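In what follows, a structure is listed as structure tokens, so that the remarks can point back to it.
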Amino acid sequence: MQICFCIFAPKKIRIMSVRVRFAPSPTGALHIGGVRTALFNYLFAKKLGGTFILRIEDTDQTRFVEGAEKYIIESLKWCDIAPTEGIGFGDGAYAPYRQSERKEIYKKYTQQLLNSEKAYYAFDTSEELDAMRERLKESSHQAYSLHTRLSMRNSLSMTKVEVAKLLDQNIPYVIRFKVDEGKNVVINDLIRGAVQVKSEEVDDKVLMKSDGMPTYHLAHLVDDYLMRITHVIRGEEWLPSAALHVLLYEALGWKNETPQFAHLPLILRPDGKGKLSKRDGQKFGFPVFALGWKGTTEETSFNGFREYGFEPEAVINFLALLGWNPGTEQEIFSLDELVKHFSIEKVQKAGARFDFDKAKWFNQQYILRMETEKIVERLTPLCLSKGYTNDSVFLTTFAHLMRERVQFFPEFLEKGYYFFEPVKSYDVAQLQKKWKSPIKEQFVEFIKEIESLPFDDAHVLENQVKGILTAREFKIGDIMPLLRLALAGVTAGPPVFETMLLLTKKETMQRLQNASTKFDALIGS
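Quick note, in our numbering, the sequence shown goes up one by one and the last residue is 525.
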């Protein structure tokens with residue numbers, strides 16, 4: 001399909017009671033791109049005092065996956081972008097919100113299109129359709145459309161008697177939309193401006209399948225009309241179908257009720273080459289779902305942002321900036337701030353590259369801004385599960401020491417385990433650089449010297465230790481790395497003297513006094 005983007009300004013948002021919807025299909029885990037679509041609908045509705053609906057589009061029963069609907073609801077709740085009404089969030093005046101429960105409604109409007117000759121029966125078998133595609137391989141018009149329909153087996157190419165006979169015989173059929181030629185379809189997109197498509201480029205899409213279930217094209221449009229949806233905010237992949245939908249609105253007599261469209265940019269792979277897919281998470285080693293999903297096989301099971309250790313607020317902040325630019329240098333937004341600053345006109349047209357390092361940075365920023373009391377509250381059950389102390393005074397100091405050194409909550413105890421239990425392993429590479437004469441002998445002397453020091457104040461302790469090193473003419477760069485290694489097993493971490501105080505003098509001295517034997521065992525005496 002040839003789509004022409006004109007240099008007209010986007011159509012202004014109508015001043016009315018805004019109603020938007022997020023309408024995923026329950027076919028498996030909800031991709032992070034779907035979460036972003038839900039977020040932008042949520043922000044748009046909240047900003048304009050409107051209504052945000054969750055609708056489940058389950059007309060394709062062959063792709064239905066048990067548990068997917070529940071997963072979608074849980075994902076939106078975890079992200080704190082709960083719809084105003086819809087499946088899992090309370091019925092409004094337009095229930096039901098599950099398309100499989102609205103089957104009879106779609107039949108009514110399909111019949112209306114048939115009666116007005118805007119749709120037609122198509123009896124083509126799968127073999128006949130395959131033959132058509134093969135025949136049109138070299139043609140510029142390869143789809144079932146106004147260019148090919150009369151060569152196929154349908155109610156436009158057959159007599160009424162022939163059609164009636166096939167219907168009486170219960171011969172399987174689908175119902176297709178009849179696209180008229182010579183029309184210039186204009187989609188006034190709030191992000192992309194005026195998009196023009198010639199009707200000759202639009203296929204005669206199936207509206208009703210042979211099993212009596214509607215396709216997405218008909219079902220979502222009827223639902224949007226009946227549910228009074230004012231704005232359709234969806235992914236860019238639906239832009240090629242927008243012309244068909246505009247024509248359908250017109251064919252059903254709803255031209256004046258056509259919602260305004262906004263087609264969001266794609267979320268691209270980290271390298272910018274192509275759309276981020278569900279399987280890219282396994283390929284690149286990062287989550288592409290809000291929550292974990294347990295499939296029937298290992299290949300169809302995935303961890304989500306939640307399981308990876310992300311804070312939901314950080315995920316929302318990260319997703320909001322994938323395609324939307326507030327026009328300022330600000331990057332950290334609370335959900336309320338996102339609502340306040342969000343504007344659909346500031347959503348970009350170009351694809352947004354998925355930068356996982358940036359996502360981790362956002363999560364780190366949220367941990368840094370988190371109140372210490374909340375960190376302690378979150379750490380307490382984790383400590384109890386591992387048999388660690390849950391003393392609030394201890395954990396408050398621990399949180400203070402570790403918060404700048406973690407990107408995810410589980411890392412508090414993963415990276416800082418040595419505050420709760422003996423050192424499990426030592427950085428051998430660093431030991432090999434430092435554990436050699438005469439530094440070894442100096443370190444043993446240093447330990448004896450500090451045993452008499454009071455462990456009451458980190459600043460005082462630091463000055464006293466450095467005074468000892470100066471008096472002994474020991475190099476700080478030789479001794480301090482060994483001190484850290486003895487206490488934590490690594491040379492990087494929280495301030496060493498604050499670490500010593502939290503460990504207590506007894507534990508600190510025990511680790512230091514045992515260090516020589518352990519170091520010798522690792523790299524030789």
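Virtual Cβ for every residue (Gly too), placed ideally from N, Cα, C. The model shown is predicted, which means the values in this text are computed figures rather than measured ones.
With DSSP collapsed to three states, give me the class of residue i.
i      : result
His147 : coil
Trp435 : coil
Val347 : strand
Leu512 : helix
Asn154 : strand
Lys506 : helix
Ala486 : helix
His141 : coil
Phe8   : Confidence is the limiting factor: at Phe8 the pLDDT is only 37, short of 50, which leaves the residue's position unreliable, though a coordinate-based value still follows. Phe8 falls in the coil class under three-state DSSP.
Arg36  : helix
Leu522 : helix
Ala492 : coil
Lys424 : coil
Ser385 : helix
Phe455 : coil
Glu298 : helix
Val406 : coil
Gly467 : helix
Ile13  : Residue placement at Ile13 is flagged as unreliable, the pLDDT there being 45, under the threshold of 50; the coordinate-derived value follows with that caveat. Correct three-state label for Ile13: coil.
Asp391 : coil
Ile3   : Because the pLDDT at Ile3 is just 49, under 50, the model does not fix this residue reliably, and the point stays unresolved.
Gln111 : helix
Could you pull the DSSP bridge partners for residue i from this structure?
i      : result
Phe579 : With the chain covering only 1 through 525, there is no way to say anything about residue 579.
Gly90  : Gly86
Arg306 : In the DSSP output, where bridge partners are listed per residue, Arg306 has none listed.
His31  : Phe289
Tyr121 : Ile175
Arg98  : Ile56
Trp324 : Val347
At the level of alpha carbons, what is the spacing between residue i and residue j?
i      : j      : result
Arg378 : Ser392 : 11 Å
Leu167 : Glu345 : 49 Å
Thr504 : Phe455 : 7 Å
Tyr366 : Val222 : 42 Å
Gly272 : Asp355 : 10 Å
Gly327 : Gln196 : 29 Å
Ser41  : Gly88  : What sits at residue 41 in the sequence shown is Asn, not Ser. For Asn41 and Gly88, the distance between alpha carbons rounds to 17 Å.
Gly50  : Val20  : 8 Å
Ala120 : Gln112 : Before going further, note that residue 120 is Tyr rather than Ala in the sequence given. If I take the Cα positions, the gap works out to 11 Å.
Ile523 : Leu431 : 8 Å
Tyr225 : Leu150 : 31 Å
Pro265 : Lys436 : 59 Å
Pro481 : Leu39  : 47 Å
Gln513 : Leu487 : 10 Å
Thr37  : Asp204 : 28 Å
Thr297 : Trp78  : 25 Å
Trp238 : Glu311 : 30 Å
Val490 : Lys433 : 13 Å
Met509 : Leu43  : 56 Å
Asp357 : Glu299 : 24 Å
Leu483 : Ile332 : 38 Å
Closer than 8 Å, CB to CB, is residue i near chain C or not?
i      : result
Phe284 : In the displayed structure, chain C is absent; only one protein chain is listed.
**Asked** Mind pulling the beta strand (DSSP E) runs of 3 or more residues that sit fully within the region 258-290?
**Response** 260-264
**Message:** Please give me, in chain order, every unbroken run of the beta strand (DSSP E) with length at least 3 that falls completely inside the region 165-252.
**Reply:** 174-177, 184-189, 193-198, 206-208, 231-235
**Request:** May I ask you to verify whether the region 284-299 touches the region 29-48, counting CB pairs closer than 8 Å and requiring at least 3?
**Result:** yes
**Message:** For the structure I just gave you, are there three or more beta carbon pairs, one from the region 39-56 and one from the region 68-82, closer than 8 Å?
**Reply:** yes
**Asked** Can you list the beta strand (DSSP E) stretches of 3 or more residues lying completely in the region 46-84, in chain order?
**Response** 51-54
**Request:** Determine contact between the region 332-349 and the region 298-305, defined as no fewer than three beta-carbon pairs at a distance below 8 Å.
**Result:** no
**Asked** Taking only runs of the alpha helix (DSSP H) that begin and end inside the region 337-381, which ones reach a length of at least 4 residues, in chain order?
**Response** 356-369
**Prompt:** Taking three-plus beta-carbon pairs below 8 Å as touching, is the region 367-387 in contact with the region 464-482?
**Reply:** no
**Request:** Could you tell me whether the region 168-181 touches the region 312-326, using the rule of 3 or more Cβ pairs below 8 Å?
**Result:** no
**Asked** When the Cβ atoms of the region 228-240 are set against those of the region 155-167, are three or more pairs found closer than 8 Å?
**Response** no
**Message:** Taking contact to mean 3 or more Cβ pairs, one atom from each stretch, closer than 8 Å, check whether the region 442-450 and the region 401-419 are in contact.
**Reply:** no
**Asked** Taking three-plus beta-carbon pairs below 8 Å as touching, is the region 242-254 in contact with the region 32-39?
**Response** no
**Message:** Count Cβ pairs between the region 254-266 and the region 121-135 that sit closer than 8 Å; are there 3 or more?
**Reply:** no
**Message:** Would the region 457-465 count as touching the region 514-522 if we require 3 or more Cβ pairs under 8 Å?
**Reply:** no
**Message:** I want to know whether the region 484-496 touches the region 414-433 - three or more CB-CB distances under 8 Å.
**Reply:** yes
**Message:** Taking 8 Å as the cut-off, does the region 177-188 touch the region 134-143 (at least 3 CB pairs, one atom from each stretch)?
**Reply:** no
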